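Colleague: In this note's numbering, the protein residues as written are 23 to 135.
I'd like to ask some things about the structure below.
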């Protein structure tokens, strides 16, 4: 059986309480069986409607990076608080996208090679 390297699991499907150690034996929950067998969760309609090539855009310049991320791929309205480019947070947001616009000389933890 060939399993994927990883699966994206929506927060609503992540039941941490089912993974806590406990005494005794019990049946593995159905949702966890699906994850362990590599069956991906269903994608919400809003995220499924986005053109894949339009979800994340990256523009690299000699001295800066511009990253654009479509808001609808996140379930949380405050996703911008957790989205970073290196260690630098989202610095612009519009109706459809979050933007991370940074100079390569900024202190975001970029490693220039």
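We put the beta carbon where it would ideally sit given N, CA and C, even for glycine.
Being a predicted model, the structure only gives us computed values, none of them experimental.
Is residue 84 helix, strand or coil by DSSP?
Modeller: Against the chain shown, residue 84 aligns to sequence position 62. Three-state DSSP puts residue 84 in coil, outside helix and strand.
Colleague: Expressed to the nearest angstrom, what Euclidean distance is found between the alpha-carbon atoms of residue 123 and residue 97?
Modeller: Against the chain shown, residue 123 aligns to sequence position 101. Against the chain shown, residue 97 aligns to sequence position 75. Each residue's Cα considered, the two are about 23 Å apart.
Colleague: According to DSSP, is residue 114 part of a helix, a strand, or is it coil?
Modeller: The sequence position of residue 114 within the chain shown is 92, counting from 1. DSSP places residue 114 in strand when its eight states are reduced to three.
Colleague: Do you know how far the Cα of residue 102 is from the Cα of residue 121?
Modeller: Walking along the chain shown from the start, residue 121 turns up at place 99. Walking along the chain shown from the start, residue 102 turns up at place 80. Each residue's Cα considered, the two are about 9 Å apart.
Colleague: What would DSSP say about residue 123, mapped onto helix, strand or coil?
Modeller: For the purposes of this step, residue 123 is identified with residue 101 of the chain shown, where counting begins at 1. If DSSP states are grouped into helix, strand and coil, residue 123 belongs with the strands.
Colleague: What did DSSP end up calling residue 107 once you bin it into helix, strand or coil?
Modeller: Translated into the one-based positions of the chain shown, residue 107 becomes position 85. Note: residue 107 maps to strand in three-state DSSP.
Colleague: Please confirm whether residue 85 and residue 126 have their CB atoms less than 8 Å apart.
Modeller: As a first step, residue 85 must be located in the chain shown, where it is residue number 63. As a first step, residue 126 must be located in the chain shown, where it is residue number 104. Cβ distance < 8 Å, so residue 85 and residue 126 count as in contact.
Colleague: Does residue 92 come out as helix, strand or coil in the three-state DSSP assignment?
Modeller: Residue numbering aside, residue 92 sits at position 70 when the chain shown is read from its first letter. In the structure shown, residue 92 sits in a strand (DSSP, three-state: E or B).
Colleague: Alpha carbon to alpha carbon, what distance is there between residue 90 and residue 77?
Modeller: As a first step, residue 77 is located in the chain shown; it is residue number 55 there, counting from the start. As a first step, residue 90 is located in the chain shown; it is residue number 68 there, counting from the start. Going from the Cα of residue 77 to the Cα of residue 90 covers about 8 Å.
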